[in-house]
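Residue numbers (my numbering): 37 to 233.
Every residue, glycine too, gets a C-beta built ideally from N, C-alpha and C.
None of the values given here were measured: they were computed from a predicted structure.
To start, the structure under review is shown below, and the notes come after it.
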């Protein structure tokens, strides 16, 4: 009997260790709800990105949001012109979600081949600052990370939100898209164009 107890005491923990080690814990297995970030009337700026881009002043203006999807106008400057694209994000759940909340959206544009999955990895300040992983649904499946904030915190995002983005983007090229002049209303002479990609 003593031998059996000794066997259980010594070998059972050893057998369970590999099972524990197979579960990879990442800093982004947190419970996020993208519907709270892309809520109606939200104004969401992309502060920084690891995407290779020449755009600036990128902002999402949410026109409509339901339990299933969000419609928003994505605006930015590109080659001297202000570009505006009306997009729809259908809410979905990507892997590593702790609960069944929608933590991502499939973004599409009408009459266009453009599509991407935009996943909210972590959020701070009551969904005012968030780190997004964007995967373009194209043959090369380009992936990059965005640091996005709402209008209310654009000038003072929570330091821990910025630090988490910096941690994630370490070793990657980061482009700053936002500066305070982005808040200025476009002048009459500046053209607003809608492009379909």
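- Message: In this structure, how does DSSP classify residue 107 when only helix, strand and coil are distinguished?
- Response: strand
- Is residue 123 helix, strand or coil when you go by DSSP? strand
- Item | beta strand (DSSP E) segment containing residue 204, residue limits | Taken as a continuous stretch (DSSP letters only), residue 204 belongs to no beta strand (DSSP E), being part of the alpha helix (DSSP H) at 195-204.
- Nearest candidate by alpha-carbon position, reference residue 205, set 195, 181, 139, 193: 181
- Message: Quick check on this structure: which residue in 94, 164, 69 has the alpha carbon closest to the alpha carbon of residue 105?
- Response: Minimum Cα distance to residue 105 is reached at 69.
- Message: Output needed for residue 195: all residues of its chain with C-beta closer than 8 Å, excluding positions within five of it in sequence on either side, in chain order.
- Response: none
- Query: Roughly how many angstroms lie between the CA atoms of residue 86 and residue 99, to the nearest whole one?
  - Reply: 27 Å
- Task: Please classify residue 130: is it buried, with 16 or more other beta-carbons within 10 angstroms of its beta-carbon, or exposed?
- Result: With 16 or more other Cβ atoms within 10 Å, it is buried.
- Item | Classification of residue 155 by the beta-carbon crowding that lies within 10 angstroms, buried from 16 upward | buried
- Counting only the same chain and skipping the five closest in sequence on each side, list residues whose C-beta sits under 7 Å from that of residue 189. 161, 164, 165
- What three-state label does DSSP hand residue 70 in the structure shown? helix
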